[in-house]
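Reviewing the structure listed below.
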Amino acid sequence: MAISDSDRILLQRNKLFRDIRFESVEPALQGCQITALKSGATLLDIGQKNASLYLVLDGELRVYLNGRGLPVHAVLGSGECVGELSLVDGENTAALVIAARDTRLLAVPHDLVWSLVESSNGIARNLLGILAGRIRNDNLLQVTTPEPSLEFEVAANIDTLTGLHNKNWMDETFHRMAQRCERNGMPLFLLVADLDHFKDFVGRHGHLAGDSVLKGVARIMAINLRPHDLLIYAGGDRFAVLLPERSLDMAMKMAERLREAVAAPALHIHTGSAPQAANTTRTTQDEHVTVSLGISAMQPGDTLASLWAAADEALQQAKTDGRNRVKMAAAHS
């Protein structure tokens, strides 16, 4: 089937096609089917045979490792994909994947994915990055949780709204990452980002709209980072990223990339009453959102607290200077 103009834009933003000329792969995708799921519908079940890689166009999927009754393992939104593990190992699916709200996906058959991989080094690199990101996050969860089999303890490190790790997880992983960077003689940067005028936005549109914005920004930031950049939701209107093995110039460019990526699209948000409220009224609208960002560079003797304080000071300067901009922290001791 022909790919619509709006879906073409969504596919161009998918992690699988990062830095790829979409025109070079679009003809191969014309025969792929769009799968539409209603909220609550199951895409993949544990032990199911799966023959497609699903590219999320819009909506939201939730991944459960041991059944719906246990905490969410991951939340996937527009720009992400699911089904890559069964693509690589040929085994039945190992997770339950459910639509958290109405969701559309492009189903790409495995043989077509492999054909694209063989013809494009860029797609091969992106697929490897997606897999590496999944493995790294799973490994970090196991390392930072004394009993990884206890799903409720794992959930303590995951924010259920955005699907991102939280600050508890960053507190636990920072020391190990800092040691690795020091051992390898590589820099480490902390980026802290606040949504601009978020409290005013929530006051005008309500908490449901605010939640939609937070989830949308989380997806945009995740799509634009490398697998080993550690993104968290720090609560309120704040996100943070640990950027290992980047130069100062690269860290600033990444911050600008995130700022531009958040500001570029109009986020499709839900407004109105909470779903459980009586006489619920839910509408959708497009909203433009911006972020202010502060960056600090790790120096000898730094803790996460000192690195965070320096980045926060730079962030406040970005807000003072007019918001929707990036500021680098002054050298600190």
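The sequence shown maps to residues 891 to 1223 in the numbering used here.
All C-beta atoms in this analysis are idealised placements derived from N, C-alpha and C, irrespective of residue type, glycine included.
Treat the numbers as computed from the prediction; the structure is a model and nothing was measured.
Endpoints, alpha helix (DSSP H) assigned at residue i
| i | result |
| --- | --- |
| S1137 | Here S1137 belongs to no alpha helix (DSSP H), and DSSP marks it neither H nor E. |
| A926 | Note, A926: premise wrong, no alpha helix (DSSP H); beta strand (DSSP E) at 923–927. |
| L1194 | 1194–1210 |
| L901 | 895–902 |
| I1110 | 1097–1113 |
| S914 | 912–919 |
| D979 | 974–979 |
| L1006 | 1000–1009 |
Residues near residue i in its chain [Cβ-Cβ closer than 7 angstroms; skip 5 each side]
| i | result |
| --- | --- |
| D1127 | D1084, L1085, F1088 |
| D1202 | V1082, G1184 |
| Q938 | N982, T983 |
| L1197 | L1080, S1186, M1188 |
| T1180 | D1086, V1152, A1153, R1213, N1214 |
| P1117 | G1019, A1022, G1023, R1026 |
| A1204 | G1184, I1185, S1186, K1217, M1218, A1219 |
| S942 | G973, A997, V998, P999, H1000 |
| A892 | Q920 |
| M1076 | P1134, E1135 |
| N1169 | Residue confidence for N1169 is low, a pLDDT of 44 falling below 50, so the modelled location carries little weight; the figure read from the coordinates is stated next. Contacts found: none. |
| I1110 | A1151, V1152 |
Cβ-based neighbour list, residue i, same chain, cut-off 8 angstroms, excluding 5 preceding and 5 following
| i | result |
| --- | --- |
| K905 | G969, E970, C971, N1016, G1019, I1020, I1113 |
| V1007 | I1013, A1014, L1017 |
| F1159 | What sits at residue 1159 in the sequence shown is Ile, not Phe. Taken in chain order, the residues that qualify are H1095, A1099, S1102, V1103, G1106, T1174, Q1175, D1176, E1177. |
| V1092 | A1099, G1100 |
| K928 | A989, D992 |
| E1150 | none |
| D1211 | K1217 |
| S914 | S1010 |
| T1052 | V965, L1104, K1105, A1108, Y1123 |
Beta-bridge partners of residue i, as assigned by DSSP
| i | result |
| --- | --- |
| E1177 | L1157 |
| E950 | G967, R991 |
| K1217 | G1184 |
| I1048 | H1055 |
| R1128 | D1084, G1125 |
| A997 | Q923, Y944 |
| D986 | The amino acid occupying residue 986 in the given sequence is Leu; Asp does not appear at that position. Answer is Y954, bridged to L986. |
Neighbourhood of residue i by C-beta, 6 angstroms cutoff - its chain only, sequence neighbours within 5 removed
| i | result |
| --- | --- |
| V978 | none |
| P1165 | The pLDDT assigned to P1165 is 41, lower than 50, so where the model puts this residue is not dependable, and the model offers no usable value. |
| L955 | H963, A985 |
| P1155 | none |
| A990 | E950, R952 |
| R903 | G969 |
| D1049 | N1056, Y1123 |
| Q1207 | K1217 |
| A1130 | V1082, I1122, A1124 |
| T932 | I988 |
| A1145 | L1081, L1183, I1185, V1216 |
| A926 | R994 |
Range covered by the beta strand (DSSP E) that runs through residue i
| i | result |
| --- | --- |
| D1084 | 1078–1085 |
| I1122 | 1120–1125 |
| L933 | 932–934 |
Exercise. With a cut-off of 8 angstroms, do at least 3 Cβ pairs link the stretch 975–993 to the stretch 1115–1132?
Worked result: No: fewer than three Cβ pairs fall under 8 angstroms.
Problem set entry | Inter-stretch contact at 8 angstroms, needing at least 3 Cβ pairs: the stretch 992–999 / the stretch 911–922 | The stretch 992–999 vs the stretch 911–922: in contact.
Exercise. Three or more C-beta pairs closer than 8 angstroms, one from the stretch 1128–1143 and one from the stretch 1066–1081: is that the case here?
Worked result: Look at the beta carbons and you see the stretch 1128–1143 touching the stretch 1066–1081: at least three pairs across the two are nearer than 8 angstroms.
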